[in-house]
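Those letters in the sequence shown? Residues 1365 to 1834, per my numbering, in order. Ideal Cβ positions, reconstructed from N, Cα and C, are used throughout, including at glycine. First up is the structure itself, then whatever we jot down about it.
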Amino acid sequence: MAATQHAHWSSRWAFLLAAVGSAVGLGNIWKFPYEAGQGGGGAFVLVYLVFVFLIGTPMLVAELSLGRRGQMSPINSMAKVAREEKRSALWSLIGWSGVVGAFIVISFYSVVGGWTLAYVIKSATGEFNNITAAASADTFVAYISDPVKTIVSHVAFMAITIFIVAKGVQGGLEKAVTFLMPALFALLLILVIYSGIAGDFKATINFLFNPDFDKLFYSETVSATGETVRHFSLDTVLQALGQSFFSLSLALGSIMTYGSYLTRDVNLGKSAVLIASADSAVALMAGLAIFPIVFAYGLDVGQGGGLVFMTLPIAFGQMPFGIVVGTLFFALLAVAAITSSISLLEPPVSYIEEKTNMSRRKVALTMGILAGLVGVLSAYSQGTNMLSDVRIFGLSIMDAKDFLTNNIMMPLAGMFTALFVGWFVSRKSMMDELALEDRTFRVWYFLVRFVSPVAVGVIFVKIIFDVITG
Ligand code: TRP
1365 MAATQHAHWS
1375 SRWAFLLAAV
1385 GSAVGLGNIW
1395 KFPYEAGQGG
1405 GGAFVLVYLV
1415 FVFLIGTPML
1425 VAELSLGRRG
1435 QMSPINSMAK
1445 VAREEKRSAL
1455 WSLIGWSGVV
1465 GAFIVISFYS
1475 VVGGWTLAYV
1485 IKSATGEFNN
1495 ITAAASADTF
1505 VAYISDPVKT
1515 IVSHVAFMAI
1525 TIFIVAKGVQ
1535 GGLEKAVTFL
1545 MPALFALLLI
1555 LVIYSGIAGD
1565 FKATINFLFN
1575 PDFDKLFYSE
1585 TVSATGETVR
1595 HFSLDTVLQA
1605 LGQSFFSLSL
1615 ALGSIMTYGS
1625 YLTRDVNLGK
1635 SAVLIASADS
1645 AVALMAGLAI
1655 FPIVFAYGLD
1665 VGQGGGLVFM
1675 TLPIAFGQMP
1685 FGIVVGTLFF
1695 ALLAVAAITS
1705 SISLLEPPVS
1715 YIEEKTNMSR
1725 RKVALTMGIL
1735 AGLVGVLSAY
1745 SQGTNMLSDV
1755 RIFGLSIMDA
1765 KDFLTNNIMM
1775 PLAGMFTALF
1785 VGWFVSRKSM
1795 MDELALEDRT
1805 FRVWYFLVRF
1815 VSPVAVGVIF
1825 VKIIFDVITG
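Quick look at the structure:
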């Protein structure tokens, strides 16, 4: 194990920027708006926010505290805390799940990250000028099906991530986020203002904040006889819960690793509330930037994953200053993705750094290249690209990796993290570590012991049930 002292953030502010940078990502700007769009708008937003603050925020505190107490990579931090609490060494499996899961996620996150870079260029060069809906969809599919173009952008995105991680916590992560996060907020603000002026703001407010609970609890299927059947379904609610975990970067080691770079003087409770608030604010602002345009141009809000890459370019191609607005939008998406991807490369890098004597630069390069290579499989599984016919349990390679991490590893790791902190670490150790006010501690403790494990357990059971019943 390298004898050098474990790195630390230079200030609480640097930590907060980095943690918000990790949380705010493709999940907020790409996924959240389309999930809200499909989940009926306001009702989805409402349950999402409840989950973020009731379940996600206490989990943030739990993960940060484990990382800070361990002062090592997730694997060794979990092992150390378990040892100190005289618990089984098997608890380090939570750390393993995080490190391996983060590696898998970055291997496809960087593919979508690459798309954002390519779309900055497409937008800036006027490729969307007066583009029709059909042509926009064709442009996207042609791009993700191109074996050379997708690799170029994937490699470029990965190279930026490696470059930042290689320079270390203070020299790399901190420097990057102190420059990128203000840029992100500025870009987002410009876009919200533009959308507010040029788009249909009223329809957006109505859509995002006027809950339609029917859409939340019922889904419609068309029966064999052609009738639309309405039935009760918790799919959308559970999707909101899953999204709240993904958006807060929970259960994959990112937050635990960032916690390990913390010193004892930082208040974890306040930090978690701040991180969760900033993350939700960005998700909502992304909605306020996107939907006014979607409504003003009469586009479809329920387009799913294509909302950002296929639907929005149609509007950029018609609107005044569309080249500028479109380019800024995809730049925003790229910046958000980069500050998240560094937090995904960090857990494996911090573990290998402890395990070997290699320099951080070498470790970052090695892990980044490995993840990049695994990522090629994801890139090639899209559109009609070379591996698009490969199916794993009926899913494309990219979707299979997403399913494995998002639906299996994250709920399991999240549930066990809550159980560990709530039931297997002594109450006294937790009180000492968190140093919260008495009442706040009690609320947190209750949420982590009872609410989080049950909620996350329910997601898991539901997913397994869905898999079994097809
Ligand atoms: N939270 C990021 C997003 O919203 C993605 C992310 C970064 C992540 N690190 C994570 C998700 C760890 C889960 C776990 O895009």
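- In the three-state DSSP reduction, F1492 falls in the coil class, being neither helix nor strand.
- In this structure, the alpha-carbon of A1650 lies about 11 Å from that of F1549.
- When only Cα atoms are considered, F1824 and A1488 end up about 43 Å apart.
- Every candidate beta strand (DSSP E) stretch fails here, since none sits fully inside the segment 1391-1451 while reaching 3 residues.
- When only Cα atoms are considered, H1372 and G1431 end up about 12 Å apart.
- Sequence-distant partners of T1804 (beyond 5 residues in either direction) whose C-beta falls short of 8 Å from its own C-beta, in its chain, are G1633.
- Classified as exposed, S1587 has fewer than 16 neighbouring CB atoms from the shown chains inside 10 Å of its CB.
- Inter-residue distance for P1711 and A1482 is about 27 Å (C-alpha atoms, whole angstroms).
- F1596 is bridged by DSSP to Y1582.
- Counting every other CB atom within 10 Å of its CB across the protein chains shown gives P1817 a total of 16 or more, marking it as buried.
- A distance of 8 Å or more separates the beta carbons of G1617 and G1739.
- Remark: the C-beta of N1771 is outside contact range of the ligand TRP, defined as less than 7 Å to any heavy atom.
- Relative to the non-hydrogen atoms of the ligand TRP, the Cβ of S1613 comes within a distance shorter than 7 Å of at least one.
- The three-state reading of DSSP puts L1697 in helix, counting H, G and I together.
- The secondary-structure analysis by DSSP pairs L1800 with nothing; it has no beta-bridge partner.
- V1425 counts as buried, since no fewer than 16 other beta carbons sit within 10 angstroms of its beta carbon.
- The alpha-carbon of L1696 is positioned some 24 Å away from that of G1532.
- When the beta-carbon positions are compared, N1392 and D1766 stay at least 8 Å from each other.
- Leaving aside the five residues that flank S1429 on each side, the residues in its chain whose CB is nearer than 8 Å to its CB run, in chain order, G1623, L1632, V1785, M1794, E1797, L1798.
- Look at F1610: its beta carbon is less than 7 Å from one of the heavy atoms in the ligand TRP.
- Under the three-state reduction of DSSP, L1759 is assigned to strand.
- With at least 16 other beta carbons inside 10 angstroms of its own, D1564 counts as buried.
- For G1651, the shortest C-beta to heavy atom distance toward the ligand TRP is 7 Å or greater.
- Put simply, the backbone Cα of L1580 is about 42 Å away from that of E1449.
- Of the candidates G1535, G1434, F1693, G1535 places its Cα closest to the Cα of A1382.
- The distance from the Cβ of A1400 to that of L1572 is about 7 Å, consistent with a contact at the 8 Å cut-off.
- Secondary structure within the segment 1724-1749: not one fully enclosed beta strand (DSSP E) run of 3 or more consecutive residues is present.
- Rounded to whole angstroms, the separation of the alpha carbons of S1707 and R1376 is 17 Å.
- G1385 has its CB no nearer than 7 Å to any heavy atom of the ligand TRP.
- Around the C-beta of E1427, 16 or more other C-beta atoms lie within 10 Å, and the residue is accordingly described as buried.
- In the three-state DSSP reduction, M1779 falls in the helix class (H, G or I).
- The C-beta distance from P1575 to G1406 rounds to 4 Å, short enough to meet the 8 Å contact threshold.
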